Amino acid sequence: MPVLVMKFGGTSVATLDRIRRAAKRVGVEVAKGYDVIVIVSAMSGKTNELVGWVNETSPLFDAREYDAVVSSGENVTAGLMALTLQEMDVPARSWQGWQVPVQTTSAHSSARIEGIPPTNINAKFAEGMRVAVVAGFQGISPEGRITTLGRGGSDTTAVAFAAAFEAERCDIYTDVDGVYTTDPRVSSKARKLDRIAFEEMLELASLGAKVLQTRSVELAMRYNVRLRVLSSFEEPSDEAGTLVCAEEDIMESNVVAGVAFSRDEAKMTLVSVADRPGIAATIFTALSDAGVNVDMIVQNIAEEGRTDMTWSCPTNEVARAEKAMADAKVDSVINYQELIADTDVAKVSVVGIGMRSHTGVAAKMFRVLSAEGINIRVITTSEIKISVLIDRKYVELAVQALHDAFELEKAA
Ligand code: ADP
Ligand code: ASP
Ligand code: MG
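First residue of the sequence shown: 2, per the working numbering; consecutive thereafter.
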């Protein structure tokens, strides 16, 4: 029988009533003749609570135990979803990651899926089970320890299952009815897109649009998974939601597809380091060894053999970066005057494959921000995106102004 993957995010399984509504939707697909793999998130808010408990118990926690605790929210919803389906006379059972098994790397708290042998689940489908309810976000390392895939990781579980089982489609049910030109919570003018190219979705996700985890889009692109984002709160239809698809499958698109933002950014400047060959290598190797995910980098013009080095990284990695630089100073590996951390910044980005062939997008973006009196701290660009770091208090203003200027309310 054809296989369908249906993923329900936190708000879609937030209460027993919501689980029942999601289960009904699954029942409809089973009645159509699909074997269904349901991927569930933890109930909304649960993972945050578990992360909070870990931090309170042990600030510099053992990541293996973090994963043991934080993965547990999904176990509850998987069991409840299977029970709900059984109550509806749909043959279903739950699977935790290790039971499938979802094989991952040992990079605890941000593990990558390496393989999903379909044998165990297929054997149960062959015996008449119609729905496998799988706990999202979790797997098992080669050492036999529980791992998690990073926040938002259930999306990646869903796409990986769709690839492993050659599913006809991977439907991501969430609390919005698709992918929008920007976060609909920030701009009331945001428009739902009927289709978006993999490359654009990949950039939007990695630049902060948390509607899909970045890695899930990467996998969908690599394995050509038919990926759809839709609302679990609205009546389903074949045209519902947004299809994430190959560029060739989109007839017409805007130069700019969307505006993304991330408030979780910090800007750090190492003041007065020696301007010599190898200095960047030394600094960024130390940061990388400390597990700091550096995003933007700017090196200032040197004066009298000294220069400033600026980078951005997630706010919760500032302490680690500070420790790495302090250690490097003590060891005389890097000599600098001071390290300034600014945690009141945010990143705003415009994304669109049309930028490959259109010039002037960056200039327009800078003009729009300047007209709003917003100062740009750092700029980075790639072929299909432009990102700027600005003061955090201006995020909404910047997003709305850019959305207006690029006429995204007319997007379809
Ligand atoms: P789930 O719990 O279902 O995984 P998430 O909260 O992870 O849901 O993702 C859905 C949220 O993503 C939406 O509520 C919305 O606020 C946010 N979001 C950010 N950018 C976008 C965008 N461009 N389009 C749609 N939603 C977006
Ligand atoms: N529950 C996890 C989280 O909140 C995984 C997910 O929902 O995708 O990050
Ligand atoms: Mg999510």
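Positions of the beta carbon are idealized from the N, C-alpha and C atoms, including for glycine. The structure presented is a predicted model; accordingly, all values stated were derived computationally and were not measured.
Going by the DSSP bridge assignment, what does Ile414 pair with across the sheet?
This structure cannot speak to residue 414, because the chain is shown only from 2 to 413.
Measuring from the CB of Ala347, is there a heavy atom of ligand 1 at a distance below 7 Å?
Outside the cutoff, so no.
Whole angstroms are fine: how far does the CA of Glu305 sit from the CA of Val177?
Roughly 54 Å between the two C-alpha positions.
Can you determine whether any heavy atom of ligand 1 sits closer than 7 Å to the C-beta of Thr175, and answer yes or no?
Yes, the Cβ of Thr175 comes within 7 Å of a heavy atom of ligand 1.
Which of the three DSSP states, helix, strand or coil, is assigned to Arg223?
It is helical.
For the alpha helix (DSSP H) that Gln300 lies in, which residues bound it at each end?
Not the alpha helix (DSSP H): Gln300 falls in the beta strand (DSSP E), residues 298–300.
Does the count of Cβ pairs from the segment 153–162 and the segment 204–217 closer than 8 Å reach three?
The segment 153–162, when compared against the segment 204–217, does touch it at the 8 Å Cβ threshold.
Are Ser233 and Tyr181 close, meaning C-beta to C-beta below 8 Å?
For Ser233 and Tyr181, no; Cβs fall outside 8 Å.
Any idea if Met82 is buried or exposed, counting beta-carbon neighbours within 10 angstroms, 16 or more meaning buried?
So Met82 ends up on the buried side.
Hey, is the segment 37–45 in contact with the segment 56–66, meaning 3+ C-beta pairs nearer than 8 Å?
As far as the Cβ criterion goes, the segment 37–45 does not touch the segment 56–66, which means the pair count is below three.
How many angstroms separate the CA atom of Ser73 from the CA atom of Gly53?
Taking the straight line from one Cα to the other gives about 14 Å.
What residue range does the alpha helix (DSSP H) around Val257 cover?
Counting along the chain, Val257 falls outside any alpha helix (DSSP H), and DSSP gives it neither H nor E.
May I ask you to report which of helix, strand or coil DSSP gives Gly98?
Reduced to three states, the DSSP call for Gly98 is helix.
With distance defined between alpha-carbon atoms, name the residue in Ala198, Met252, Gly151, Ala258 nearest to Thr183.
Checking every option, the nearest Cα to that of Thr183 belongs to Ala258.
What I want to know is whether the C-beta of Arg152 ends up closer than 7 Å to one or more non-hydrogen atoms of ligand 2.
The answer is yes for Arg152.
Are Glu249 and Ile385 touching if we call contact CB-CB under 8 Å?
Result no, Cβ atoms of Glu249 and Ile385 do not sit closer than 8 Å.
Closest by CA to Val212, which one among Val6, Gly10, Val4, Ser238?
The candidate whose alpha carbon is nearest that of Val212 is Gly10.
Does the distance from the C-beta atom of Thr149 to that of Ile141 stay below 8 Å?
Not in contact: Thr149 and Ile141 (Cβ atoms no closer than 8 Å).
I'd like to know whether the C-beta of Tyr181 is nearer than 8 Å to at least one C-beta of chain C.
Looking for chain C here will not work: only one protein chain is present.
What residue range is occupied by the uninterrupted beta strand (DSSP E) comprising Lys8?
First-last of the beta strand (DSSP E) with Lys8: 4–9.
Using only CA atoms, which one of Asn76, Asn123, Val400, Leu86 lies nearest to Leu51?
Among Asn76, Asn123, Val400, Leu86, the Cα nearest to that of Leu51 belongs to Asn76.
Distance check for Ala124 and Trp96, CA to CA, integer angstroms please.
Roughly 13 Å separates the two Cα atoms.
Do the CB positions of Arg307 and Ala282 come within less than 8 Å of each other?
No, Cβ-Cβ distance for Arg307 and Ala282 is not below 8 Å.
Within 10 angstroms of the Cβ of Leu17, are there 16 or more other Cβ atoms? Answer buried if so, exposed if not.
It is exposed - the Cβ of Leu17 has fewer than 16 other Cβ atoms within 10 Å.
Using the three-state DSSP reduction, which class does Lys211 fall into: helix, strand or coil?
Reduced to three states, the DSSP call for Lys211 is coil.
Looking at C-alpha atoms only, which residue of Thr382, Pro3, Ile280, Tyr395 is the closest neighbour of Leu208?
With distances taken between Cα atoms, Leu208 lies closest to Thr382.
Lys324 to Ser188, Cα distance in whole Å?
Near 38 Å, if we compare the C-alpha coordinates of Ser188 and Lys324.
In whole angstroms, what separates the C-alpha of Glu235 from that of Ile335?
Each residue's Cα considered, the two are about 56 Å apart.
Give, in chain order, every unbroken run of the beta strand (DSSP E) that is at least 3 residues long and sits entirely within the segment 11–35.
Segments of the beta strand (DSSP E) lying fully in the segment 11–35: there are none.
Helix, strand or coil for Ser232 per DSSP?
DSSP places Ser232 in strand when its eight states are reduced to three.
For Ala198, which residues does DSSP report across the bridge?
According to DSSP, which records beta bridges pairwise, Ala198 is partnered with Cys246.
Going by C-alpha to C-alpha distance, which of Ala198, Thr120, Asp90, Leu86 sits closest to Gln100?
Of the candidates Ala198, Thr120, Asp90, Leu86, the one whose C-alpha sits nearest the C-alpha of Gln100 is Thr120.
If you measure between the beta carbons of Ala416 and Val369, is that distance less than 8 Å?
The structure shown does not extend to residue 416, since the chain is modelled only from 2 to 413, so the question has no answer here.
How far does the alpha helix (DSSP H) with Ala322 in it reach, from first residue to last?
Ala322 -> alpha helix (DSSP H) spans 319–331.
Tell me where the beta strand (DSSP E) around Ala342 begins and ends.
Where Ala342 is concerned, the enclosing beta strand (DSSP E) stretches over 339–352.
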